[in-house]
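Sequence order for the protein chains is U and E.
Numbering-wise (our numbering), the first sequence opens with residue 30 and increments by one.
Numbering-wise (our numbering), the second sequence opens with residue 274 and increments by one.
Beta carbons are placed, not taken as given, at the ideal position from N, Cα and C, and that holds for glycine.
Since the structure is predicted, the reported quantities are computational estimates derived from the model, not experimental observations.
Since the structure comes first, as structure tokens, the remarks are kept for the end.
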Amino acid sequence: RKEVEQDPGPFNVPEGATVAFNCTYSNSASQSFFWYRQDCRKEPKLLMSVYSSGNEDGRFTAQLNRASQYISLLIRDSKLSDSATYLCVVIRNTDKLIFGTGTRLQVFP
Amino acid sequence: SQTIHQWPATLVQPVGSPLSLECTVEGTSNPNLYWYRQAAGRGLQLLFYSVGIGQISSEVPQNLSASRPQDRQFILSSKKLLLSDSGFYLCAWRGLAGKKETQYFGPGTRLLVL
Chain U
30 RKEVEQDPGP FNVPEGATVA FNCTYSNSAS QSFFWYRQDC RKEPKLLMSV
80 YSSGNEDGRF TAQLNRASQY ISLLIRDSKL SDSATYLCVV IRNTDKLIFG
130 TGTRLQVFP
Chain E
274 SQTIHQWPAT LVQPVGSPLS LECTVEGTSN PNLYWYRQAA GRGLQLLFYS
324 VGIGQISSEV PQNLSASRPQ DRQFILSSKK LLLSDSGFYL CAWRGLAGKK
374 ETQYFGPGTR LLVL
């Protein structure tokens, strides 16, 4: 079993839709959680941190459920520019990031 | 602000040839630095990390090696490339995201071994 699991998608959604991605992790000792975004043939870029209390950044909301070992990312009012692969990242110590294989999102007009 | 550079951006090399990829960081001193590989359709795999000059930790046994000759320089090398070394090589440094630490990536080097 992979330490971080994501649905690979692709998720094909129209502009304006709300879409949610999920991620599960297996190691309960994991300390920090993030979502990264990776555009085609580019490096991953930090999108947002994930906290148990939930956090919001504009159209993006991230949530952590430690009891279920589950992380989510919600994107509201999807834009064409949101098309990318979204990577769930779990950190046990800051020298070892564990990446999911990513969920691909395609927003169409 | 911190920036991270990698070169070359793309590379096509024959099997058995040597490899040297370079990563440099600006705007920070004594950074923790990392080399990752992302094979086609797969997740990122940590190859090496370094907490300082001359200090290298290897995460997986393989055909590659790393060196840190200067504070802000991290080099990935191979004496003889294999077909399986093809992939997207990413250098990263450790920095803050709010109150938490995470890693930030350079633009990457795309390597194709033929």
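Per DSSP, cross-strand counterpart(s) of residue i
i	result
E/Tyr377	E/Trp366
U/Pro73	U/Gln67
E/Gly360	E/Leu384
U/Ser97	Note: U/Ser97 sits in no beta bridge, so no partner.
U/Pro43	U/Phe137
E/Gln279	E/Cys296
U/Ala58	In DSSP, U/Ala58 forms no bridge with anything.
U/Glu32	Its beta-bridge partners do not exist; DSSP assigns none.
U/Tyr80	Note: U/Tyr80 sits in no beta bridge, so no partner.
U/Lys214	The requested residue 214 of chain U is not part of the displayed model; chain U covers only 30 to 138.
E/Ser350	E/Ser293 and E/Ser338
Within 8 angstroms, strictly: CB atoms of residue i and residue j
i	j	result
E/Gly381	E/Gln279	yes
U/Val48	U/Phe63	no
U/Ala91	U/Leu102	yes
E/Ile329	E/Asp344	no
U/Lys125	E/Leu320	no
E/Leu356	E/Pro287	no
U/Gly45	U/Asp106	yes
E/Gln311	E/Leu385	no
E/Leu292	E/Ser351	yes
E/Glu295	E/Gln346	yes
U/Ser112	U/Leu134	yes
E/Thr297	E/Gln275	no
Whole-Å CB distance - residue i paired with residue j, under 8 angstroms assumed
i	j	result
U/Cys52	U/Gln35	5 angstroms
U/Thr114	U/Phe40	With 8 angstroms as the limit, U/Thr114 and U/Phe40 do not qualify as a contact, their Cβ atoms being about 10 angstroms apart.
E/Leu349	E/Trp308	5 angstroms
U/Ile20	U/Ser81	No answer is possible for residue 20 of chain U: the residues shown for chain U start at 30 and end at 138.
E/Tyr322	E/Asn305	7 angstroms
E/Gly379	E/Ala370	Contact doesn't hold; Cβ gap of about 17 angstroms is too wide.
U/Tyr65	U/Gln98	Going by Cβ atoms, the distance from U/Tyr65 to U/Gln98 rounds to 19 angstroms, so no, they are not a contact pair.
E/Leu317	U/Phe128	4 angstroms
U/Pro42	U/Cys117	In the sequence on display, residue 42 of chain U carries Val and not Pro. The pair is not a contact, with the Cβ atoms about 19 angstroms apart (cut-off 8 angstroms).
U/Phe89	U/Ile100	Actually they are not in contact, since the Cβ atoms of U/Phe89 and U/Ile100 sit about 13 angstroms apart, beyond 8 angstroms.
E/Arg367	U/Thr130	Wrong, their Cβ atoms sit about 23 angstroms apart, outside the cutoff.
(request) Kindly provide the ranges of any beta strand (DSSP E) runs that are 3 or more residues long and lie completely inside the stretch 286-330 of chain E, ordered along the chain. (result) 292-299, 306-311 and 317-325
(message) So if I threshold CB-CB distances at 9 angstroms, which residues from the stretch 299-326 of chain E count as touching chain U?
(response) Asn305, Tyr307, Tyr309, Gln311, Gly314, Arg315, Gly316, Leu317, Gln318, Leu319, Tyr322 and Val324
(request) May I ask you to list, following chain order, the residues of the stretch 108-124 of chain U that have a beta carbon less than 9 angstroms from some beta carbon of chain E? (result) Leu116, Val118, Ile120, Thr123 and Asp124
(request) Check distances from the C-beta atoms of the stretch 52-64 of chain U to those of chain E and list, in chain order, the residues that come in under 7 angstroms. (result) Ser61 and Phe63
(request) With 8 angstroms as the limit, tell me which residues of the stretch 67-79 of chain U have their beta carbon closer than that to any beta carbon of chain E; keep them in chain order. (result) Arg70, Lys71, Glu72, Pro73, Lys74, Leu75 and Ser78
(message) Using a Cβ-Cβ cutoff of 7 angstroms, what residues of the stretch 350-379 of chain E are near chain U? List them in chain order.
(response) Leu363, Arg367, Ala370, Gly371, Lys373, Glu374, Thr375, Gln376, Tyr377, Phe378 and Gly379
(request) Give, in chain order, every residue of the stretch 276-294 of chain E whose Cβ lies closer than 8 angstroms to some Cβ of chain U. (result) none
(request) Identify each residue in the stretch 30-44 of chain U for which the Cβ-Cβ distance to at least one residue of chain E is less than 7 angstroms, and report them in chain order. (result) none
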